[in-house]
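Chains as they are written, first to last, in the UniProt record's numbering: chain G, 1 to 325; chain E, 1 to 325.
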């Protein structure tokens, strides 16, 4: 299939063409990279935008159930929904968090939903690029909402936050000291904290957890891109499909406010510039990733850690050696 | 003065020699850099270690008063105390936060204290290196405690945390929504949060603030390098010199626990390796800092931000141009 045909079929919203294009952007082959660049350049002109929603939460908070419920809620509103995942660990575990589509049984059969498992790529830089490009493809294919799930490994939240328009943190109810599982820095990226499982016996604990996090959010500095009252914590029950209307209302209010006040466009422009600069830095620093450079760096690092060499002198030694290659 | 003489005088604890050596490590001149490297290499062999304490807090929390009181408390215990500052903004403001030594009137006249204002350097990388080297000089000069103050601009807290053995966050009492001033990410680096001004009318508010932050700290994930009960929040009054004994007891308990459990040495070794790797990356990325590269990057960044060019293609263009220089 030519790039032109593929491009037309994506703009037409054809799911198989979209799936094929995502496979293309995931490839590392040089000819595939060139083809992907051409395709993305053609599709960029469509100017279509989705609401990109990043979603984070530790295992056990009910992320799959939430995506299924929330996705079905959105398609029920007449919206088309794509679900992607950022999972730099999947290379190690050999699987992918969304691979088991049976966990999203209803959503995966919904014609207005598109679920794409995370590919096996070890490198966070590669995962970031692939996800950004897959998001662009979904936007060109006319999806209204793109959900980007992260498993909370390493810096994947930062990647997702820099791709998303909104960032959601999903939590489970817990009491007192059990609440310690939130990763440092994640709470501070959240636009909305959703306390899931606010149903049955867990409802009182969810209420308390929600109040605790509301309190903690108030301790953080107000961000320029937020209207009054954001970021906020809400209760939902993915199981009972409760609280989803309110959560979606809050999301659209935030989106509309940011659109009206210029923060939406500014954030997208800042993100594009960020990714450009990241790609430049990534390419420069990749010179340290050759087997030879890594081995030399590790060896000098040992000397420095043991106090036998000053950091500055060791750095000069390494760079001189790199320059000679 | 030869490097040997300077080295001997520093090991002898002479303040003027120390001040002169810090001026040397602050210099950008190539011959000074070489001399500084030689000096640091000689002094490294002394093996002397201080307790390095990083201190952060927004303006108005009483940081100068705290440093004065806490410094006097430490010298009162027979300890020698050095005070340094990390202030990447001082190049802009033209001054330095510790420049006004009159704010630390008693401490600056104490023969067992050494206060060094922050130099005017715009570049955070330069500030980080200078501060690390100044800390090493103070350790060689036999100081028992090195206090490293940061003004909380940009990433200076991360720099200070990666230089310090302990990281303190100083807060002022506040009520409810006034508490929003804590910068994202700072709370999570703190080993101890000190709520200052726990005196007079502000005492009830300080008690409440301390309880709020104790609660917020419990929401964070427990760190491996902490014994039970850390990080914690405490009340102090720099003005009335109250709570300082307890704060110092908590610091020394934490230090002793980390020493006994191997975290002290491991952290120092990790920090040395971190700074080595940072220096390598810094030197590589400095190739983007030439006037020509910056101008080209800015121009391509504009194209990307306006959606006229994809980030990946723009990055390839820039790197190809860099390679031709």
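Beta carbons: idealized from backbone N, C-alpha and C, even for Gly.
Item to complete: State yes or no: is the C-beta of residue 167 of chain E within less than 8 angstroms of the C-beta of residue 134 of chain E?
Response: Looking up residue 167 of chain E in the second chain gives position 167. Looking up residue 134 of chain E in the second chain gives position 134. Taking 8 angstroms as the cut-off, the beta carbon of residue 167 of chain E is found no closer than this to the beta carbon of residue 134 of chain E.
Item to complete: Output, in sequence order along the chain, the residues in the region 309–321 of chain G whose CB is closer than 7 angstroms to any CB in chain E.
Response: Flagged, chain order: 310, 311, 312, 313, 314, 315, 318, 319.
Fill in: Span of the beta strand (DSSP E), counted from its first residue to its last, around residue 149 of chain E
As a first step, residue 149 of chain E is located in the second chain; it is residue number 149 there, counting from the start. Secondary structure note for residue 149 of chain E: its beta strand (DSSP E) is the uninterrupted segment 145–150.
Worksheet item: From the beta carbon of residue 285 of chain E, is the nearest beta carbon of chain G less than 8 angstroms away?
Response: The residue you call residue 285 of chain E lines up with position 285 of the second chain. Under the Cβ distance rule, residue 285 of chain E counts among the residues neighbouring chain G, one pair being separated by less than 8 angstroms.
Worksheet item: Using a Cβ-Cβ distance under 8 angstroms, would residue 191 of chain E count as near chain G?
Response: On the second chain, residue 191 of chain E is found 191 positions in, with the first residue counted as 1. Under the 8 angstroms criterion on CB atoms, residue 191 of chain E is classed as non-interfacial with respect to chain G.
Worksheet item: At what residues does the alpha helix (DSSP H) containing residue 85 of chain E begin and finish?
Response: The residue given as residue 85 of chain E occupies position 85 in the second chain. In the DSSP assignment, residue 85 of chain E falls outside any alpha helix (DSSP H) and lies within the beta strand (DSSP E) extending over 81–86.
Worksheet entry | Nearest to residue 224 of chain E (by Cα), restricted to the options E/197, E/205, E/267 | The residue given as residue 224 of chain E occupies position 224 in the second chain. Distance check between residue 224 of chain E and each of E/197, E/205, E/267 places E/267 closest, using alpha-carbon atoms only.
Worksheet item: Helix, strand or coil: which one does DSSP assign to residue 54 of chain G?
Response: Looking up residue 54 of chain G in the first chain gives position 54. In this structure, residue 54 of chain G counts as strand in the three-state DSSP scheme.
Worksheet item: Would a check of beta-carbon distances place residue 273 of chain G closer than 8 angstroms to chain E?
Response: For the purposes of this step, residue 273 of chain G is taken as residue 273 along the first chain, with counting starting at 1. Put simply, the CB of residue 273 of chain G is near chain E, with a gap under 8 angstroms to one of its CB atoms.
Worksheet item: residue 195 of chain E bridges to which residues according to DSSP?
Response: Taking the first residue of the second chain as position 1, residue 195 of chain E is located at position 195. Paired residues: E/171, E/235.
Worksheet item: So residue 197 of chain G and residue 57 of chain G are in contact, right, with Cβ under 8 angstroms, and what is the actual spacing, rounded?
Response: Here residue 197 of chain G corresponds to residue number 197 of the first chain, with the count starting at 1. Here residue 57 of chain G corresponds to residue number 57 of the first chain, with the count starting at 1. With a Cβ gap of about 11 angstroms, residue 197 of chain G and residue 57 of chain G do not count as contacting.
Discussion item. On the criterion of 16 or more Cβ atoms from any shown chain inside 10 Å, does residue 92 of chain G qualify as buried, or is it exposed?
Written reply: Within the first chain, the letter at position 92 stands for residue 92 of chain G. Low confidence applies to residue 92 of chain G: its pLDDT is 37, below 50, so where it sits in the model is not reliable, and the reading given next is rough at best. Exposed: under 16 other Cβ atoms inside 10 Å.
Worksheet item: What is the rounded straight-line gap between the Cα of residue 300 of chain E and the Cα of residue 138 of chain E?
Response: Start at 1 with the first residue of the second chain, and residue 300 of chain E comes out as number 300. Start at 1 with the first residue of the second chain, and residue 138 of chain E comes out as number 138. Approximately 45 angstroms between the Cα atoms of the pair.
Discussion item. Measuring straight from C-alpha to C-alpha, what distance separates residue 316 of chain G and residue 322 of chain G?
Written reply: On the first chain, residue 316 of chain G is found 316 positions in, with the first residue counted as 1. On the first chain, residue 322 of chain G is found 322 positions in, with the first residue counted as 1. Distance between residue 316 of chain G and residue 322 of chain G, taken at the CA atoms: about 10 angstroms.
Discussion item. Please state the DSSP three-state secondary structure of residue 220 of chain G.
Written reply: Your numbering for residue 220 of chain G matches position 220 in the first chain. It is a strand residue.
Worksheet item: Within 10 angstroms of its Cβ, does residue 178 of chain G collect 16 or more other Cβ (buried), or is it exposed?
Response: As a first step, residue 178 of chain G is located in the first chain; it is residue number 178 there, counting from the start. Reliability fails at residue 178 of chain G, whose pLDDT of 47 lies under 50, so the model's placement of it is uncertain and the value that follows must be treated cautiously. Answer is exposed; the Cβ neighbour count stays below 16.
Worksheet item: Does residue 37 of chain G get closer than 8 angstroms to chain E when you measure Cβ to Cβ?
Response: Indexing the first chain from 1 puts residue 37 of chain G at position 37. For residue 37 of chain G, the nearest CB of chain E lies under 8 angstroms from its own CB, placing it at the interface with that chain.
Worksheet item: Residues of chain G with CB under 9 angstroms from residue 31 of chain E, in chain order?
Response: As a working note, residue 31 of chain E is residue 31 in the second chain. In chain order: nothing, as chain G lies at least about 15 angstroms away.
Worksheet item: Going straight from the alpha carbon of residue 222 of chain G to that of residue 273 of chain G, what length do you get?
Response: Reading the first chain from its first residue, position 222 is the one you call residue 222 of chain G. Reading the first chain from its first residue, position 273 is the one you call residue 273 of chain G. Rounded to whole angstroms, the gap between the alpha carbons of residue 222 of chain G and residue 273 of chain G is 24 angstroms.
Fill in: Any chain G beta carbon closer than 8 angstroms to residue 279 of chain E
Taking the first residue of the second chain as position 1, residue 279 of chain E is located at position 279. Chain G, which has a Cβ nearer than 8 angstroms to the Cβ of residue 279 of chain E, makes this yes.
Practice prompt. Measure the Cβ-Cβ separation of residue 192 of chain G and residue 220 of chain G and say whether it is below 8 angstroms.
Written response: The sequence position of residue 192 of chain G within the first chain is 192, counting from 1. The sequence position of residue 220 of chain G within the first chain is 220, counting from 1. 8 angstroms or more divides the Cβ of residue 192 of chain G from the Cβ of residue 220 of chain G.
Practice prompt. Tell me, please, whether the CB atom of residue 294 of chain E is closer than 8 angstroms to any CB atom in chain G?
Written response: Start at 1 with the first residue of the second chain, and residue 294 of chain E comes out as number 294. Residue-level contact by beta carbon fails for residue 294 of chain E and chain G, as no gap is shorter than 8 angstroms.
Worksheet item: How long is the line joining the alpha carbons of residue 108 of chain G and residue 82 of chain G, rounded to whole angstroms?
Response: For this step, residue 108 of chain G is matched to residue 108 along the first chain. For this step, residue 82 of chain G is matched to residue 82 along the first chain. Our two residues, residue 108 of chain G and residue 82 of chain G, have alpha carbons roughly 10 angstroms apart in a direct line.
Discussion item. Strictly under 8 angstroms for the Cβ-Cβ distance: is residue 323 of chain G near chain E by that measure?
Written reply: Working through the first chain from its first residue, we reach residue 323 of chain G at position 323. Contact with chain E is absent for residue 323 of chain G, since none of that chain's Cβ atoms lies less than 8 angstroms from the residue's Cβ.
Worksheet item: For residue 211 of chain E, which residues does DSSP report across the bridge?
Response: Within the second chain, numbered from 1, the residue matching residue 211 of chain E stands at position 211. Answer by DSSP bridge pairing: none, since residue 211 of chain E is not bridged.
Worksheet item: Are the C-beta of residue 96 of chain E and some C-beta of chain G separated by less than 8 angstroms?
Response: Locating residue 96 of chain E in the second chain gives position 96, where the first residue counts as 1. Per-residue confidence for residue 96 of chain E stands at a pLDDT of 44, beneath the threshold of 50, marking its modelled position as unreliable; no derived number is given.
Worksheet item: Can you tell which of E/252, E/105, E/264 has its C-alpha closest to the C-alpha of residue 68 of chain E?
Response: Translated into positions along the second chain, residue 68 of chain E becomes position 68. Cα-wise, what sits closest to residue 68 of chain E is E/105.
Worksheet item: Would DSSP call residue 309 of chain E helix, strand or coil?
Response: Indexing the second chain from 1 puts residue 309 of chain E at position 309. Secondary structure at residue 309 of chain E: coil, using DSSP grouped into helix, strand and coil.
Worksheet item: Applying a beta-carbon distance threshold of less than 9 angstroms, which residues of chain E neighbour residue 129 of chain G?
Response: In the first chain, counting from the first residue as 1, residue 129 of chain G sits at position 129. What residue 129 of chain G touches in chain E: 311, 312.
Item to complete: Pick helix, strand or coil for residue 30 of chain G, following the three-state DSSP scheme.
Response: Indexing the first chain from 1 puts residue 30 of chain G at position 30. Helix at residue 30 of chain G.
Worksheet item: In this structure, does DSSP put residue 186 of chain E in helix, strand or coil?
Response: What you label residue 186 of chain E is simply residue 186 of the second chain in a count that begins at 1. If DSSP states are grouped into helix, strand and coil, residue 186 of chain E belongs with coil.
Practice prompt. Output, in sequence order along the chain, the residues in the region 243–273 of chain E whose CB is closer than 8 angstroms to any CB in chain G.
Written response: From the region 243–273 of chain E, only 269, 270, 272, 273 have a Cβ closer than 8 angstroms to chain G.
Item to complete: Check each candidate in E/269, E/309, E/283 and name the one with the smallest Cα separation from residue 303 of chain G.
Response: As a working note, residue 303 of chain G is residue 303 in the first chain. Answer by Cα proximity: E/269.
Practice prompt. Starting from the beta carbon of residue 212 of chain E, find every residue of chain G whose beta carbon is closer than 8 angstroms, and list them in chain order.
Written response: On the second chain, position 212 is the one that residue 212 of chain E refers to. Here the neighbours are 215, 219.
Worksheet item: Per the contact definition of three or more C-beta pairs closer than 8 angstroms, is the region 282–293 of chain E in contact with the region 246–255 of chain G?
Response: No, the region 246–255 of chain G is not in contact with the region 282–293 of chain E.
Practice prompt. Examine chain G for any beta-carbon lying closer than 8 angstroms to the beta-carbon of residue 40 of chain E, and answer yes or no.
Written response: Looking up residue 40 of chain E in the second chain gives position 40. Output row for residue 40 of chain E: interface = yes.
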